[in-house]
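**Q** Residues 61 to 310 in our numbering are what the sequence shown lists, from first letter to last.
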Amino acid sequence: MSQIKQVSFEGPLGTLRGLLHLPDRNQPAPAVVMLHGFTGQHIEDGRLFAQAAKCLAEAGFAVLRFDFFGSGDSDGEFDQFTILTEVADAVTALDWISAQPEIDASRIGVIGLSMGGGVTGLLCGQDSRVKAAVFWNAVSLPKITSLAAFTPEVQAATMGPLRVGKDFSAVILSADIVGSVRRYAGPGLILRGTADEVVVLEHAEALKDALGSRGTLYLIDGADHTFRRPEWQREAFEISTRWLAAQLKP
Numbered sequence: 061m062s063q064i065k066q067v068s069f070e071g072p073l074g075t076l077r078g079l080l081h082l083p084d085r086n087q088p089a090p091a092v093v094m095l096h097g098f099t100g101q102h103i104e105d106g107r108l109f110a111q112a113a114k115c116l117a118e119a120g121f122a123v124l125r126f127d128f129f130g131s132g133d134s135d136g137e138f139d140q141f142t143i144l145t146e147v148a149d150a151v152t153a154l155d156w157i158s159a160q161p162e163i164d165a166s167r168i169g170v171i172g173l174s175m176g177g178g179v180t181g182l183l184c185g186q187d188s189r190v191k192a193a194v195f196w197n198a199v200s201l202p203k204i205t206s207l208a209a210f211t212p213e214v215q216a217a218t219m220g221p222l223r224v225g226k227d228f229s230a231v232i233l234s235a236d237i238v239g240s241v242r243r244y245a246g247p248g249l250i251l252r253g254t255a256d257e258v259v260v261l262e263h264a265e266a267l268k269d270a271l272g273s274r275g276t277l278y279l280i281d282g283a284d285h286t287f288r289r290p291e292w293q294r295e296a297f298e299i300s301t302r303w304l305a306a307q308l309k310p
């Protein structure tokens, strides 16, 4: 039976907090780091990340899911983060999990949802410790996403009391996610719900083009942006777990 531990580690801007799932095994395990989306946290909508981590741990993976700086239980305020602070947090998460005795640091994969998928794209192109990258309804083309257009009026209408910082839009517009994925040498799995109205199909197609023969694009029929229905979650978990097992061999 897998174990779950509360963990914390120091990021570039403050303390980051989350959970570490450990599989029931006596030797170091391959690891998966999960990166949440915009306004998300380490549980995610519909307990998506909690359920995914349980599934992965049962398959023999250690799983770290944590809150970025400015989100959830981690330090900072929401208006203090950008996509680049999240990339820096993700590098720190790789540092931390690589140092844990239960982990085989040569076998680390990353799963990113939505904007966390964009972070995954930027991360894998700069950090060779990422051996497998999974993109769930991932942002790859910032200029065609609403993340780049958060005027005060749009924020007030869609985000309640939350506000992004003044540099948020400029930073994400300058992020070359597709170029970073092209530099990444490893394999990638792109999952997209066919009914995702938040991140349109062009994002997934751009990732597949950047990965070329190293990439696999899988469509989940009828699924929305965060795989809210149990059957969509099951399909996402089964496909991702099977693919990660083929790459990282738990």
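Every residue, glycine too, gets a C-beta built ideally from N, C-alpha and C. If you're wondering where the values come from, they're calculated on a predicted model, not measured in any experiment.
What did DSSP end up calling Ile171 once you bin it into helix, strand or coil?
**A** Position 111 of the sequence shown, counting from 1, holds the residue named residue 171. Strand at Ile171.
**Q** If you follow the beta strand (DSSP E) that Ala159 is part of, which residue opens it and which one closes it?
**A** To locate residue 159, count along the sequence shown from 1; it is residue 99. That residue, Ala159, is in no beta strand (DSSP E); it is neither H nor E in DSSP.
**Q** State whether the region 67-76 contacts the region 242-254, with contact taken as three or more CB pairs (one from each stretch) at a distance under 8 angstroms.
**A** no
**Q** Please classify Gly289: does DSSP put it in a helix, a strand, or coil?
**A** Here residue 289 corresponds to residue number 229 of the sequence shown, with the count starting at 1. The sequence shown places Arg at residue 289, rather than the Gly named in the question. Correct three-state label for Arg289: coil.
**Q** Arg243: buried (16+ other C-beta within 10 angstroms of its C-beta) or exposed?
**A** Here residue 243 refers to the residue found at position 183 of the sequence shown. Per the 10 Å Cβ criterion, exposed.
**Q** Report the rounded CA-to-CA distance for Ser311 versus Ile168, giving the unit in angstroms.
**A** An answer regarding residue 311 cannot be provided, because it is not within the stretch 61 to 310 covered by the chain.
**Q** Specify, as a first and last residue, the run of the alpha helix (DSSP H) that Arg243 falls within.
**A** Taking the sequence shown and counting its residues from 1, one reaches residue 243 at position 183. Where Arg243 is concerned, the enclosing alpha helix (DSSP H) stretches over Ile237 to Arg243.
**Q** What does the Cβ neighbour count give for Asp127, buried or exposed, with the cut at 16 atoms within 10 Å?
**A** For the purposes of this step, residue 127 is taken as residue 67 along the sequence shown, with counting starting at 1. Burial call: buried.
**Q** Can you give me the start and stop residues for the beta strand (DSSP E) that Ser188 sits inside?
**A** As a working note, residue 188 is residue 128 in the sequence shown. If you look at Ser188, you'll find it isn't in any beta strand (DSSP E); DSSP assigns it neither H nor E.
**Q** Would you identify the three-state DSSP class for Arg294, choosing helix, strand or coil?
**A** What you label residue 294 is simply residue 234 of the sequence shown in a count that begins at 1. Reduced to three states, the DSSP call for Arg294 is helix.
**Q** Three-state secondary structure (DSSP) at Thr254?
**A** As a working note, residue 254 is residue 194 in the sequence shown. Reduced to three states, the DSSP call for Thr254 is coil.
**Q** Rank Leu261, Leu277 and Val260 by C-alpha distance to the C-alpha of Lys268 and give the top, closest one.
**A** Locating residue 268 in the sequence shown gives position 208, counting from the first residue. Nearest option by C-alpha distance: Leu277.
**Q** Once DSSP output is grouped into helix, strand and coil, what is the label at Gly97?
**A** The residue given as residue 97 occupies position 37 in the sequence shown. Here Gly97 sits in coil by DSSP.
**Q** Taking DSSP's pairing of strands, which residues face Lys65 in a bridge?
**A** Here residue 65 refers to the residue found at position 5 of the sequence shown. According to DSSP, Lys65 bridges with Leu80.
**Q** Between which residues of its own chain and Glu104 is the CB-CB distance below 6 angstroms, once the five residues before and five after are set aside?
**A** One-based indexing of the sequence shown puts residue 104 at position 44. His96.
**Q** Is it the case that the Cβ atoms of Ser200 and Val151 are separated by a distance below 8 angstroms?
**A** In the sequence shown, counting from the first residue as 1, residue 200 sits at position 140. In the sequence shown, counting from the first residue as 1, residue 151 sits at position 91. Not in contact: Ser200 and Val151 (Cβ atoms no closer than 8 angstroms).
**Q** Tell me whether the beta-carbon of Asp139 lies closer than 8 angstroms to the beta-carbon of Val224.
**A** Within the sequence shown, the letter at position 79 stands for residue 139. Within the sequence shown, the letter at position 164 stands for residue 224. Yes, the Cβ-Cβ distance between Asp139 and Val224 is below 8 angstroms.
**Q** Which stretch, first to last residue, makes up the beta strand (DSSP E) that contains Ile232?
**A** Within the sequence shown, the letter at position 172 stands for residue 232. Element bounds for Ile232: not the beta strand (DSSP E) but the alpha helix (DSSP H), Phe228 to Leu233.
**Q** Roughly how many whole angstroms lie between the Cα atoms of Ser188 and Ile299?
**A** By 1-based counting over the sequence shown, the position of residue 188 is 128. By 1-based counting over the sequence shown, the position of residue 299 is 239. In a straight line, the C-alpha of Ser188 is about 24 angstroms away from that of Ile299.
**Q** Restricting to Cα atoms, I'd like to know which of Pro290, Trp196, Arg288 and Arg302 is closest to Leu261.
**A** Here residue 261 is taken as the residue at index 201 of the sequence shown, counted from 1. With distances taken between Cα atoms, Leu261 lies closest to Trp196.
**Q** Go ahead and label Thr145 buried or exposed: buried means 16 or more other beta carbons lie within 10 angstroms of its beta carbon, across all protein chains shown.
**A** Mapped onto the sequence shown, residue 145 falls at position 85. Its Cβ being crowded by 16 or more others within 10 Å, Thr145 is buried.
**Q** Quick check on DSSP: helix, strand or coil for Ile280?
**A** Numbered from its first residue, the sequence shown carries residue 280 at position 220. If DSSP states are grouped into helix, strand and coil, Ile280 belongs with the strands.
**Q** Within its chain, find whatever has a CB closer than 6 angstroms to the CB of Ser158; leave out the 5 residues flanking it on each side and keep chain order.
**A** Mapped onto the sequence shown, residue 158 falls at position 98. If we look at Ser158 and ignore the five residues flanking it on each side, its Cβ neighbours are Ala165.
**Q** Please work out which residues of its chain come closer than 6 angstroms, Cβ to Cβ, to Ala117, disregarding the five sequence neighbours upstream and downstream, and give them in chain order.
**A** Translated into the one-based positions of the sequence shown, residue 117 becomes position 57. Hits under 6 angstroms: Ser62, His81, Pro83 and Val123.
**Q** Per DSSP, Thr75 forms a beta bridge with which residues?
**A** Stepping through the sequence shown from its first residue, residue 75 is reached at position 15. Bridge partners of Thr75: Glu70.
**Q** Please report the residue range of the beta strand (DSSP E) in which Phe126 lies.
**A** Indexing the sequence shown from 1 puts residue 126 at position 66. Phe126 -> beta strand (DSSP E) spans Ala122 to Phe126.
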